[in-house]
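In our numbering, the protein residues as written are 3 to 236.
Just so it is clear, CB atoms sit at the ideal spot from N, CA and C, and this is done for glycine as well.
This one's a predicted model, so the numbers in the text were calculated from it and none came from an experiment.
Step one of this worksheet: look at the structure below.
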Amino acid sequence: MLRIESIEVSYGGNRALHGVCLSMEPGEFVGVIGSNRAGKTTLLRAISGLVPLQKGEIYFDGQPLSRVPAHRIPALGIAHVPEGRQVFPGLTVEENLLLGAIVPSAKAHRAEGLEMVFALFPRLKERRTQLAGTMSGGEQQMLAIGRALMLRPRLLMLDEPSMGLAPIVVEHVYEKIAEIHRLGVGVLLIEQNVSLALSCIQRGYVIETGRVVLEGTAEELRGNAAVKEAYLGL
């Protein structure tokens, strides 16, 4: 489904990604882990067309994405939940969700989409007329994920969904992410909390200073001495 071949990305002359390669099969749950400023967010932004590639190519269902404008990417079935949630604070919960169904194929199924999101996140149904800016951080994270699901994506990209949330809220959010994956949606997760990521992904990539330095199954990464020392505190 997703194939990334030796991409390089720079910001203002500073290289952020160096020859990164990654692949995902349909419906797979893959994580990209690493420390802050390792290049994880840049990777998702490159897939979404928000930053240009200097070298390499990204393919989705065999189609190269480097020449696809960013506003056309969602129509391919790729939804991106950015770091920091970025909901529209002056709009209601329902208005935020409806904005997620922006492409024609999703607009035709908005009612079904709302029903599915409200079933997954009952709290959002209770607050459907509430302004998003008045909600808690956890509720806004649920809303951001729900808005992405309104697109009816085949690939859901999540950037640090645990950031700034209390542990009990993180647990709830990750239960819902696992449920979304069980529905058949492919999930590409960016997460600085390595222990948390390894508890739910099937395969993972470790990025350091813009380079993939390790990849393997979740079990392989948990058992890797370097991962234990650098990220798990063991």
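### Task
Give the straight-line distance between the Cα atoms of T43 and V214, rounded to the nearest whole angstrom.
Indexing the sequence shown from 1 puts residue 43 at position 41. Indexing the sequence shown from 1 puts residue 214 at position 212. About 14 Å.
### Message
Here's the rule: buried if 16 or more other CB atoms are within 10 angstroms of the residue's CB, otherwise exposed. What is S164?
### Response
For the purposes of this step, residue 164 is taken as residue 162 along the sequence shown, with counting starting at 1. That one is buried.
### Message
Going by DSSP in three states, H111 sits in which element: helix, strand or coil?
### Response
Against the sequence shown, residue 111 aligns to sequence position 109. The answer is coil: DSSP assigns H111 none of H, G, I, E or B.
### Task
To the nearest angstrom, report how far apart G33 and E128 are at their CA atoms.
As a working note, residue 33 is residue 31 in the sequence shown. As a working note, residue 128 is residue 126 in the sequence shown. If I take the Cα positions, the gap works out to 32 Å.
### Query
How big is the Cα-Cα spacing for S12 and E210?
Position 10 of the sequence shown, counted from the first residue, corresponds to residue 12. Position 208 of the sequence shown, counted from the first residue, corresponds to residue 210. Going from the Cα of S12 to the Cα of E210 covers about 15 Å.
### Task
Indicate the three-state DSSP secondary structure (helix, strand or coil) for T131 in the structure shown.
Numbered from its first residue, the sequence shown carries residue 131 at position 129. DSSP places T131 in coil when its eight states are reduced to three.
### Message
Taking the beta carbon of G51 as the centre, do at least 16 other beta carbons fall within 10 Å, making it buried, or is it exposed?
### Response
Translated into the one-based positions of the sequence shown, residue 51 becomes position 49. Per the 10 Å Cβ criterion, buried.
### Task
Thinking G206 and G218 are a contact (beta carbons under 8 Å), I'd like their distance in whole angstroms, please.
As a working note, residue 206 is residue 204 in the sequence shown. As a working note, residue 218 is residue 216 in the sequence shown. At roughly 7 Å, the Cβ-Cβ gap stays under 8 Å, so G206 and G218 are in contact.
### Query
According to DSSP, is R205 helix, strand or coil?
For this step, residue 205 is matched to residue 203 along the sequence shown. Strand, per DSSP.
### Message
Could you tell me the alpha carbon to alpha carbon distance between L153 and L160, rounded to whole angstroms?
### Response
Translated into the one-based positions of the sequence shown, residue 153 becomes position 151. Translated into the one-based positions of the sequence shown, residue 160 becomes position 158. L153 and L160: Cα-Cα distance of roughly 14 Å.
### Endpoints, the alpha helix (DSSP H) within which G225 is located
Residue numbering aside, residue 225 sits at position 223 when the sequence shown is read from its first letter. Taken as a continuous stretch (DSSP letters only), the alpha helix (DSSP H) holding G225 covers 220-225.
### Query
Around the Cβ of A180, are there at least 16 other Cβ atoms within 10 angstroms (buried) or fewer (exposed)?
By one-based count along the sequence shown, residue 180 stands at place 178. The residue in question, A180, is exposed, as its Cβ has fewer than 16 Cβ neighbours within 10 Å.
### Query
For F120, which of helix, strand or coil comes out of DSSP?
Indexing the sequence shown from 1 puts residue 120 at position 118. F120 falls in the helix class under three-state DSSP.
### Query
Where does Q56 sit, in a helix, a strand or coil, going by DSSP?
Within the sequence shown, the letter at position 54 stands for residue 56. Correct three-state label for Q56: coil.
### Message
Give me, in chain order, the residues of the same chain whose beta-carbon lies closer than 6 Å to that of V172; leave out the 5 immediate sequence neighbours on both sides.
### Response
Position 170 of the sequence shown, counting from 1, holds the residue named residue 172. Same-chain partners within the cutoff: S164.
### Message
As an exercise, report each continuous alpha helix (DSSP H) stretch of at least 4 residues that is fully enclosed by the segment 140-222, in chain order.
### Response
169-184, 196-200
### Query
To the nearest angstrom, how far is it from the Cα of I49 to the Cα of L67?
Here the question's residue 49 lines up with position 47 in the sequence shown. Here the question's residue 67 lines up with position 65 in the sequence shown. Going by the C-alpha atoms only, they are around 8 Å apart.
### CB-CB length for G41 against L19, believed under 8 Å
Looking up residue 41 in the sequence shown gives position 39. Looking up residue 19 in the sequence shown gives position 17. Indeed they touch by this definition, with Cβ atoms about 5 Å apart.
### Message
Whether or not the segment 102-110 and the segment 76-89 are in contact is what I'm after, with contact meaning three or more pairs of Cβ atoms, one per stretch, closer than 8 Å; do they touch?
### Response
yes
### Query
So the alpha helix (DSSP H) A48 belongs to, where does it begin and stop?
Sequence index remark: in the sequence shown, residue 48 carries index 46 (1-based). Unbroken alpha helix (DSSP H) run through A48: 42-49.
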